[in-house]
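Residue numbers (mature numbering (1 follows the signal peptide of the UniProt record, and there is no 0)): -25 to -1, 1 to 427.
Structure, as structure tokens:
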Amino acid sequence: MKHSKMPKTISLSLIIFFLSVNAFAQNPLIMDQFTADPTARVFNGKLYVFPSHDIVPPKGEGRAEWFNMADYHVFSSEDLTNWTDHGKILDQKDVSWADPEAYSMWAPDAISKNDKFYFYFPTRLKDAGDGEKGFSIGVAIADKPEGPYKPQPNHIQGVEGIDPNVFIDKDGQAYLYWSRGKIYGAKLKDNMLALESEIKTFEEIPQKGHIEGPFVFERNGTYYMTYPHVANNIERLEYGTSDNPMGPFEHQGVIMDESASGTWTNHHSIVNYKDQWYLFYHDNDLSPDFDKNRSIRADSLFFEGNGNIKKVIPTKRGVGITSSTSEIQIDRYSAKGNYGAASVFLDRLDPFQGWKVVLNKPDAWVKYNRVDFGAEGTENVRIRARSLTGGTVALKLAGENDEEIAEVTIQKGGNWEVFSTPVRSEATAVQDLLVQLKSGDGVEVDWVQFEK
């Protein structure tokens, strides 16, 4: 899974070009920068994600070995496979009331009302002391979801904390939720810039262990309060339900277990897009040795018949349908055999290059689901691969008989090459693709691509 990296110095025109064509798929969703705390929203029939932006700050600035965030980007997609980076929408230096060197532009949210788009963000106040008490929440307004956003001259009065979340109920009433050790909430005025009610502390939320990042949504008349909670060692995602957006919320269970990678944080959102629910969250895929540089992910979410949320198991494959004529990153597989197959970095010193699949035992395989071969099928297949000893890779349509549609010979050699062969059996519609080592004892595969 290889993506080009943007040079350190680049002209404005080239930046605009990159913003218009960048496209990524699978987990993590964004491969050219660190992203975290994703809020996913549907605006004008398109899905937008507003994450925070982890960075390595300039030398002598920010806080070493901690979270450093100076600005925000917004990303959009219509198919959950190809993502467009609309560029920076807000910088810490743009906010008059904020500390311009705090690097604390943490988890944001965005919502639409009155034909405007409101972007909510936390950051540290000027001349603030230590701790979260020095934080408040600001609002920036735009005419389009991708901006440009204009920050308001003042933060929301009476709000001390981080992780804003805004929910608008069916009657049009807006609510603001946030955290500072506990979870708080209040009604918002119609101007979306000030509190309309007294602040409520949600004492019914589990109080033992660190808690933050509230996200509220409604489904079939039930209100869901979801949040990260350190019940044991690191954050897991939990939820409660109520018949009122201001609770009380009855604790129901866990949405996602603690990360297998050991990443201390997880911060999320839940959205319905084209009649399917999704969980957006983060992990440290592109920074396995430093969990303060994170990457956003998405997986499908489902409900039980009684409305309870089924636990979401993180995947490499993620969501969306992949065109057979794109470079299919099989290292983001949806399943693999019990032995002889693994996904590893192409270059551990440069994780932004992505991953490769290593097939090192006979019959080792990986499966990549939801590949769209179209109505007319394909004629050829190309594989970017290498093998020190040579080998043969079979491509199959996963199913009852695992029909083999092509066999590609990978020549002996240490360099990456693209090998191609005709497809001997027609594949159409959306299929699951299985890639299997048929002969040899070591083949590395970067991507697979079909040609019409």
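Even for Gly, the Cβ is constructed at its ideal location relative to N, Cα and C.
Because the structure is a prediction, the values reported are computed rather than measured.
### Close beta carbons around K123, own chain, < 8 angstroms, minus the five adjacent residues each side
Here residue 123 refers to the residue found at position 148 when the sequence shown is read from its first residue. The sequence given here places Pro at residue 123; Lys does not occur at that position. Same-chain partners within the cutoff: I64, A117.
### Query
Identify the residues that DSSP records as bridge partners of Q406: which are they?
The residue you call residue 406 lines up with position 431 of the sequence shown. DSSP, once it has assigned bridges, lists V346 as partnering Q406.
### Per-residue DSSP class, three states only, for G109
Numbered from 1 along the sequence shown, position 134 holds the residue referred to as residue 109. Helix at G109.
### Endpoints, beta strand (DSSP E) assigned at D46
For this step, residue 46 is matched to residue 71 along the sequence shown. Taken as a continuous stretch (DSSP letters only), the beta strand (DSSP E) holding D46 covers 46 to 52.
### Cβ-Cβ separation, A360 to V418 (assumed contact under 8 angstroms), whole Å
For the purposes of this step, residue 418 is taken as the residue at position 443 of the sequence shown. For the purposes of this step, residue 360 is taken as the residue at position 385 of the sequence shown. About 6 angstroms separates the beta carbons of V418 and A360, which is inside the 8 angstroms limit, making them a contact pair.
### Message
Mapping the DSSP letters down to three states, classify F224 as helix, strand or coil.
### Response
As a working mapping, residue 224 is identified with position 249 in the sequence shown. Note: F224 maps to coil in three-state DSSP.
#### Entry: Three-pair Cβ contact test at 8 angstroms for the segment 135 to 153 versus the segment 191 to 203
In short, these stretches touch, since the Cβ pair count reaches three.
### Message
On the DSSP letters alone, give me the boundaries of the beta strand (DSSP E) that T98 sits inside.
### Response
Indexing the sequence shown from 1 puts residue 98 at position 123. Annotation for T98: the continuous beta strand (DSSP E) segment containing it runs 91 to 99.
### Query
How should L324 be labelled, buried or exposed, when 16 other C-beta atoms within 10 angstroms of its C-beta is the threshold for buried?
Start at 1 with the first residue of the sequence shown, and residue 324 comes out as number 349. The Cβ neighbour count for L324, taken over all protein chains shown within 10 Å, is under 16; the residue is labelled exposed.
### Query
Tell me which same chain residues have a C-beta within less than 6 angstroms of the C-beta of F277, skipping the five on either side of it?
As a position in the sequence shown, residue 277 is number 302, starting the count at 1. Here the set comprises K285.
### Task
Mind checking who V294 pairs with in its DSSP beta bridge?
One-based indexing of the sequence shown puts residue 294 at position 319. Paired residue(s): none; V294 is not in a bridge.
### Task
Whole angstroms is fine: what's the gap from I230's alpha carbon to E213's?
Translated into positions along the sequence shown, residue 230 becomes position 255. Translated into positions along the sequence shown, residue 213 becomes position 238. Those two C-alpha atoms are separated by around 5 angstroms.
### Query
If P181 and H204 are in contact, beta carbons under 8 angstroms, what's the gap, nearest whole angstrom?
Residue 181 sits at position 206 when you count from the first residue of the sequence shown. Residue 204 sits at position 229 when you count from the first residue of the sequence shown. Indeed they touch by this definition, with Cβ atoms about 6 angstroms apart.
### Residue range of the beta strand (DSSP E) that includes Y214
Your numbering for residue 214 matches position 239 in the sequence shown. 211 to 217 is the extent of the beta strand (DSSP E) around Y214.
### Those residues which DSSP pairs with K63 across a bridge
By one-based count along the sequence shown, residue 63 stands at place 88. By DSSP's assignment, K63 forms a beta bridge with H48.
### Status (buried if at least 16 other CB within 10 Å, exposed otherwise) for K311
For this step, residue 311 is matched to residue 336 along the sequence shown. Here K311 is buried: its Cβ has 16 or more other Cβ atoms, across all protein chains shown, within 10 Å.
### Query
How is I305 classed by DSSP in three states: helix, strand or coil?
Locating residue 305 in the sequence shown gives position 330, where the first residue counts as 1. I305 falls in the helix class under three-state DSSP.
#### Entry: Integer Cβ distance of L4 from R272, believed to fall under 8 angstroms
Residue numbering aside, residue 4 sits at position 29 when the sequence shown is read from its first letter. Residue numbering aside, residue 272 sits at position 297 when the sequence shown is read from its first letter. With 8 angstroms as the limit, L4 and R272 qualify as a contact, their Cβ atoms being about 6 angstroms apart.
### Task
Taking the CB atoms as reference points, tell me whether V341 and Y314 lie closer together than 8 angstroms.
Taking the first residue of the sequence shown as position 1, residue 341 is located at position 366. Taking the first residue of the sequence shown as position 1, residue 314 is located at position 339. At the C-beta level, V341 and Y314 stay beyond 8 angstroms of one another.
### Query
If you count every other CB in all the chains shown that lies within 10 Å of the CB of W391, and 16 or more means buried, which is it?
To locate residue 391, count along the sequence shown from 1; it is residue 416. With fewer than 16 other Cβ atoms within 10 Å, it is exposed.
### Task
Assign V405 to buried or exposed, taking buried as 16 or more other Cβ atoms, counted over all protein chains shown, within 10 Å of its Cβ.
Along the sequence shown, one-based indexing puts residue 405 at 430. Its Cβ having fewer than 16 others within 10 Å, V405 is exposed.
### Task
Just mark W41 as buried or exposed, buried being the case when its beta carbon has 16 or more other beta carbons within 10 Å.
Here residue 41 refers to the residue found at position 66 when the sequence shown is read from its first residue. Counting every other CB atom within 10 Å of its CB across the protein chains shown gives W41 a total below 16, marking it as exposed.
### Message
For I137 and D416, I'd like the C-alpha separation in whole angstroms.
### Response
Translated into positions along the sequence shown, residue 137 becomes position 162. Translated into positions along the sequence shown, residue 416 becomes position 441. Those two C-alpha atoms are separated by around 52 angstroms.
### Message
Among the candidates A77, D232, N208, G184, whose CA atom is the shortest distance from the CA of R155?
### Response
On the sequence shown, residue 155 is found 180 positions in, with the first residue counted as 1. If we check each option's Cα against that of R155, G184 comes out closest.
#### Entry: Exposure label - P26; buried when at least 16 CB within 10 Å
Translated into the one-based positions of the sequence shown, residue 26 becomes position 51. Counting Cβ neighbours within 10 Å, P26 comes out buried, since at least 16 surround it.
### Query
Since T396 and N355 are thought to touch, with beta carbons under 8 angstroms apart, how far apart are those beta carbons, to the nearest angstrom?
Working through the sequence shown from its first residue, we reach residue 396 at position 421. Working through the sequence shown from its first residue, we reach residue 355 at position 380. Right, their Cβ atoms sit about 7 angstroms apart.
### Where the beta strand (DSSP E) containing R272 begins and where it ends
In the sequence shown, the residue the question calls residue 272 occupies position 297. It spans 270 to 276 - the beta strand (DSSP E) in which R272 sits, taken as one unbroken run.
### Task
Determine, using beta carbons only, whether V246 and V49 come nearer to each other than 8 angstroms.
Residue mapping note: residue 246 aligns to position 271 of the sequence shown, counting from 1. Residue mapping note: residue 49 aligns to position 74 of the sequence shown, counting from 1. In this structure, V246 sits away from V49, with a CB-CB distance that is not shorter than 8 angstroms.
### Query
Just checking my contact of Y152 with T176 at CB under 8 angstroms: how many whole Å lie between their CB atoms?
Walking along the sequence shown from the start, residue 152 turns up at place 177. Walking along the sequence shown from the start, residue 176 turns up at place 201. Rounded, the Cβ-Cβ distance is 11 angstroms, inconsistent with contact.
### Message
Going by DSSP in three states, residue 501 sits in which element: helix, strand or coil?
### Response
With the chain running from -25 to 427 in the structure shown, residue 501 is simply not present.
### Task
State yes or no: is the C-beta of E187 within less than 8 angstroms of the C-beta of Y199?
By 1-based counting over the sequence shown, the position of residue 187 is 212. By 1-based counting over the sequence shown, the position of residue 199 is 224. At a Cβ-Cβ threshold of 8 angstroms, E187 and Y199 do not count as neighbours.
### Query
According to DSSP, is K68 helix, strand or coil?
Indexing the sequence shown from 1 puts residue 68 at position 93. Three-state DSSP puts K68 in a helix.
### Task
Assuming D74 and K101 form a contact by the criterion Cβ under 8 angstroms, report the distance between their Cβ atoms to the nearest whole angstrom.
As a working note, residue 74 is residue 99 in the sequence shown. As a working note, residue 101 is residue 126 in the sequence shown. Taking a contact as a CB-CB distance under 8 angstroms, the pair D74 and K101 counts as one, their CB atoms being some 5 angstroms apart.
### Range covered by the beta strand (DSSP E) that runs through S400
In the sequence shown, residue 400 corresponds to position 425, counting from 1. Taken as a continuous stretch (DSSP letters only), S400 belongs to no beta strand (DSSP E), as it is neither H nor E.
### Message
Using the three-state DSSP reduction, which class does P120 fall into: helix, strand or coil?
### Response
Walking along the sequence shown from the start, residue 120 turns up at place 145. P120 falls in the coil class under three-state DSSP.
#### Entry: Residues of its chain near K371, where Cβ-Cβ distance is below 7 angstroms and the 5 sequence neighbours each way are ignored
Sequence index remark: in the sequence shown, residue 371 carries index 396 (1-based). Result list for K371: D377, E378, E379, I380, L409, Q411, in chain order.
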